[in-house]
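Protein chains: 2
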Amino acid sequence: MPKVGMEPIRRQQLIKATMAAIDEVGLADATVARIARHAGVSAGIISHYFGGKDGLLEATMRQILSDLGEAVAACRRKLRNDTPRARLEAIIEGNFDRSQVTDPVAKTWLAFWASSMHKPRLARLQQVNDRRLYSNLCAQFRRLMPLDEARLASRTLAAVIDGLWLRGALTPEGLDAEGARRAALATLDRLLAASDSVAASSSVAASDSATAIDAR
Amino acid sequence: MPKVGMEPIRRQQLIKATMAAIDEVGLADATVARIARHAGVSAGIISHYFGGKDGLLEATMRQILSDLGEAVAACRRKLRNDTPRARLEAIIEGNFDRSQVTDPVAKTWLAFWASSMHKPRLARLQQVNDRRLYSNLCAQFRRLMPLDEARLASRTLAAVIDGLWLRGALTPEGLDAEGARRAALATLDRLLAASDSVAASSSVAASDSATAIDAR
DNA sequence: AGTTTTTTATTGAACGTTCAATCAATAAAG
DNA sequence: CTTTATTGATTGAACGTTCAATAAAAAACT
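If you read the protein sequences in the order shown, they are chains B and F.
Throughout the first sequence, residue numbering follows numbering that gives the first Met the number 0, covering 0 to 215 in sequence.
Throughout the second sequence, residue numbering follows numbering that gives the first Met the number 0, covering 0 to 215 in sequence.
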């Protein structure tokens, strides 16, 4: 039933169907036939809109990463006070946002992460996203502690966030977003508490934000 | 060139070849032909010794998990003093042991983790291992803090360890074992420091170790 | 307003490829 | 001469892609 302007609708439909299929049977068994069936369309249409299965997979990963980035940005925008701590909390909240933390998303995310080890195009997407998260974290920590410490803190918090996703994706009960958020926030507390006592005396903090950006 | 008693040799050979193949091209493209070529044998032999490809993959995952467990156990045995903190440090050291943290192992480990989301047999292996790590952590933390705190600390440290592996597996430069160890140990420091101040006054600590075991 | 033509969207069967598993043949060791 | 270990060609199933056919909608025309 061809209407005009189907392209954006079909693309969304197929991306969603891809996540559903991966959630159901895993990336390895997510065939084009199965994805198409999930979307209620024919298999051929995938090549038509995405140039092939790989194109669809890449588009799906793009969607997940941009959704995640958008959720973080939204949390940042909601902030009333602009302290480094509040910013860091917003990053955590964004990463465990209800709209993001669903079984299909978590499982698809992990599947792509594993897959990106050997697919250069996916690896690039992953890396860009990764660096952005790390940069954001580091820029904020930098305002509260020396560079070395800030780097370590960023690495640690990033690892906690990814680790919680990872474990959540595998757990039979699904990712417990609320518990994960609490664990990540508690980690942040401890990371800041460590240098809070020092921060009072040594005022290395909050100078310019230009040097705060750290490209690993 | 058939000699007797080839079975254990071939099994080891093929398991190692599996990791090498996954390191090289990923689980999705690790065909039996490629694995066999890596081991310098014919493809048919895989079905002969492992009953099929799935059997080989399961055996490979078993190997990785048992190696990891063995490394942790070895670090614990080396301990001179038996404080909870030393035990926790040993768990961390074991998880980032040089013999374990290689590219083939890290990549295979992650590939299996992703795969186990949809393969019940692998999921079971993963879960058993997971619970063991969590139990070990919780038993030690329990000697230093109240149960609720101990659970949160265990979850956090487990997430940090897995998160560091995860990020290490993807990073182009490979997993930086030394840096990861430092980050994990620093996290442990902070987790203990938080309740150290309390531990001095309230002596909830080091009583019996029977109630310390916590099955999640 | 009705009819024809063009454009756009979609289908699904056919094709070629790839893979895991099988098994009869083979060759060394006991 | 029997047993054990190994091979590699073969088989059948499954997959992604392609493309001619189709059908609906839009545009053009009378």
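Beta carbons are placed, not taken as given, at the ideal position from N, Cα and C, and that holds for glycine.
What you are looking at is a predicted structure, and each value in this text was computed from that prediction instead of being measured.
Inter-residue spacing [alpha-carbon to alpha-carbon] between B/R9 and B/L67
22 Å
If F/R166 sits next to B/D147, beta carbons under 8 Å apart, how far is it from one beta carbon to the other, in whole angstroms?
Contact doesn't hold; Cβ gap of about 19 Å is too wide.
Element boundaries [alpha helix (DSSP H), containing B/F240]
The structure shown has nothing for residue 240 of chain B, since chain B only spans 0 to 215.
Beta-carbon proximity list for F/T82, same chain, < 7 Å, skipping 5 on both sides:
none
Answer with buried or exposed for B/T59, where buried requires no fewer than 16 other C-beta atoms within 10 angstroms of its C-beta.
buried
Proximity of F/G4 and F/A105 at Cβ, strictly below 9 Å:
no
In chain B, what lies closer than 8 Å to F/M5 by C-beta?
Result: empty, since nearest Cβ-Cβ is about 31 Å, beyond 8 Å.
The alpha helix (DSSP H) that contains B/N94, what's its start and end?
83-94
Below 9 Å on C-beta distance, what does F/K106 contact in chain B?
A113, M116, H117
Consult DSSP for B/M5 and reduce its assignment to one of helix, strand or coil.
coil
For B/S41, the three-state DSSP class (helix, strand or coil):
coil
Under 8 Å: do the segment 168-182 of chain B and the segment 114-127 of chain B share three or more Cβ pairs, one atom per stretch?
no
When the Cα atoms are used, what is the spatial distance from F/L151 to B/R84?
21 Å
Taking 9 Å as the CB-CB limit, is B/G173 close to chain F?
no
So, helix, strand or coil for B/L78, using DSSP?
coil
Supposed contact pair F/I34 and F/A216 - C-beta distance, whole angstroms, cut 8 Å:
Residue 216 of chain F is absent from the structure shown; chain F starts at 0 and stops at 215.
Beta-carbon of B/D66 versus every beta-carbon of chain F: anything under 9 Å?
no
Chain-order list of residues whose beta-carbon lies under 7 Å from that of F/V176 (same chain, five-residue window excluded)
In the sequence as displayed, the identity of residue 176 of chain F is Ala instead of Val. Cβ neighbours of F/A176 beyond the five flanking positions: F95, R97, V100.
Could you tell me the distance, in whole angstroms, from the CA atom of B/Q11 to the CA atom of B/L109?
20 Å
Measuring alpha carbon to alpha carbon, tell me which residue in B/A20, B/I91, B/G93, B/A185 is nearest B/R36.
B/A20
Can you round the beta-carbon distance between B/A38 and B/L13 to whole angstroms, since I take them to be within the 8 Å contact cut?
5 Å
DSSP state of F/S115, grouped into three classes?
coil
Partners in chain F for B/Q125, counting only beta-carbon separations shorter than 7 Å
L169
F/R142 classed as buried or exposed, judged by whether at least 16 other C-beta atoms fall within 10 angstroms
buried
Secondary structure of B/S46, DSSP reduced to three states:
helix
So F/D161 contacts chain B; which residues on that side make the cut at Cβ distance below 7 Å?
G162, L165, R166
Quick check on F/G93: buried or exposed, where buried means 16 or more other Cβ atoms within 10 Å of its Cβ?
buried
Residue of F/M144, F/D22, F/Q62 minimising C-alpha distance to F/A192:
F/M144
Please go through the same chain and pick out, in chain order, the residues whose beta-carbon is closer than 8 Å to the beta-carbon of B/D22, but skip the five residues on each side of it.
D102, P103, K106, T107
Please say whether F/L169 and B/Q126 have beta carbons closer to each other than 9 Å?
yes
For chain B, is any of its Cβ atoms less than 9 Å away from the one on F/T30?
no
Does any residue of chain F bring its CB to less than 9 Å from the CB of B/L146?
no
From B/R189, B/F140, B/L26, pick the residue whose C-alpha is nearest to that of B/I90; which is it?
B/F140
Measure the C-alpha to C-alpha separation of F/R61 and B/A157 and round it to an integer number of angstroms.
29 Å
Can you find the residues in the same chain that come closer than 7 Å, C-beta to C-beta, to F/N135, ignoring five residues on each side of it along the sequence?
I90
Going along the segment 19-45 of chain F in order, which residues come within less than 8 Å of chain B, judged by CB to CB distance?
V24, G25, L26, A27, D28
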